[in-house]
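Below is one structure, written out as structure tokens; the observations come after it.
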Amino acid sequence: MGDIAIANDATVQDEVKKLVSTGFAARGITLGVNSTEDGAVNIEIVPFWGWFRPGFAKVAFETDIECKVTIQGETTRSFTVTGHGKNNGQEASDANWIKSFDMAIKDFLANFATSAANAGL
Numbered sequence: 093m094g095d096i097a098i099a100n101d102a103t104v105q106d107e108v109k110k111l112v113s114t115g116f117a118a119r120g121i122t123l124g125v126n127s128t129e130d131g132a133v134n135i136e137i138v139p140f141w142g143w144f145r146p147g148f149a150k151v152a153f154e155t156d157i158e159c160k161v162t163i164q165g166e167t168t169r170s171f172t173v174t175g176h177g178k179n180n181g182q183e184a185s186d187a188n189w190i191k192s193f194d195m196a197i198k199d200f201l202a203n204f205a206t207s208a209a210n211a212g213l
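Heads up, the sequence shown is in the numbering used here, so the first residue is 93 and it goes up one at a time.
Laid out in structure tokens, this is it:
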């Protein structure tokens, strides 16, 4: 039940950057590396966490991801993207945690498409 570590010494910021890049790529937008030009993308991570809910007959593993994405330029556009995952299980295990995070990531990417479209992207 203890601490959860991201593989390969990655950080939450690294993982969120990959998620947002994947979301933009699905819309045909490739992100560059220079953050000072028009079109720079700022990502504010609101929560990115997982927690364990003990119970009598089952336990729950939940994950929430929320980011505010801002694209700077002539017209600044912002949108918020959320993802939630909940996996019920019998015991605390890496597999149960991974499933919860995978569900939240899938939900985040599905919501990314809608949020980006609503922001005119």
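For every residue, glycine included, the Cβ atom is placed at its ideal position computed from N, Cα and C.
Run the CB neighbour count on T155, radius 10 Å, all protein chains shown included, and call it buried at 16 or more, exposed below.
Sequence index remark: in the sequence shown, residue 155 carries index 63 (1-based). T155 comes out buried.
Paired residues, beta bridge with N179 - DSSP:
Numbered from its first residue, the sequence shown carries residue 179 at position 87. DSSP, once it has assigned bridges, lists F153 as partnering N179.
In whole angstroms, what separates the C-alpha of S192 from that of K150?
The count along the sequence shown starts at 1 and reaches residue 192 at position 100. The count along the sequence shown starts at 1 and reaches residue 150 at position 58. Each residue's Cα considered, the two are about 15 Å apart.
If you measure between the beta carbons of C159 and V133, is that distance less than 8 Å?
Position 67 of the sequence shown holds residue 159. Position 41 of the sequence shown holds residue 133. Contact flag unset, no.
Could you check what DSSP says for S170 in three-state terms: helix, strand or coil?
For the purposes of this step, residue 170 is taken as residue 78 along the sequence shown, with counting starting at 1. Of the three classes helix, strand and coil, the one that applies to S170 here is strand, per DSSP.
Alpha-carbon spacing of F200 relative to G131, whole angstroms:
Here the question's residue 200 lines up with position 108 in the sequence shown. Here the question's residue 131 lines up with position 39 in the sequence shown. Looking at the two C-alpha atoms, the distance is approximately 22 Å.
Have a look at A118, G177, A211, I121 and flag the residue whose alpha-carbon is nearest the alpha-carbon of F153.
For the purposes of this step, residue 153 is taken as the residue at position 61 of the sequence shown. When only C-alpha atoms are compared, the closest one is G177.
Residues near N188 in its chain [Cβ-Cβ closer than 7 Å; skip 5 each side]:
As a position in the sequence shown, residue 188 is number 96, starting the count at 1. Only F153, N179, G181 meet the Cβ criterion.
Measure the CB-CB distance between A208 and R119 and report whether it falls below 8 Å.
By 1-based counting over the sequence shown, the position of residue 208 is 116. By 1-based counting over the sequence shown, the position of residue 119 is 27. Their beta carbons are under 8 Å apart, which means A208 touches R119 by this criterion.
Where does F148 sit, in a helix, a strand or coil, going by DSSP?
Translated into positions along the sequence shown, residue 148 becomes position 56. Reduced to three states, the DSSP call for F148 is coil.
So E107 and I98 are supposed to be a Cβ contact under 8 Å. How far apart are they, rounded?
By 1-based counting over the sequence shown, the position of residue 107 is 15. By 1-based counting over the sequence shown, the position of residue 98 is 6. Indeed, because the Cβ distance is near 6 Å, the residues count as touching under 8 Å.
According to DSSP, residues forming a beta bridge with W143
Working through the sequence shown from its first residue, we reach residue 143 at position 51. According to DSSP, W143 bridges with E154.
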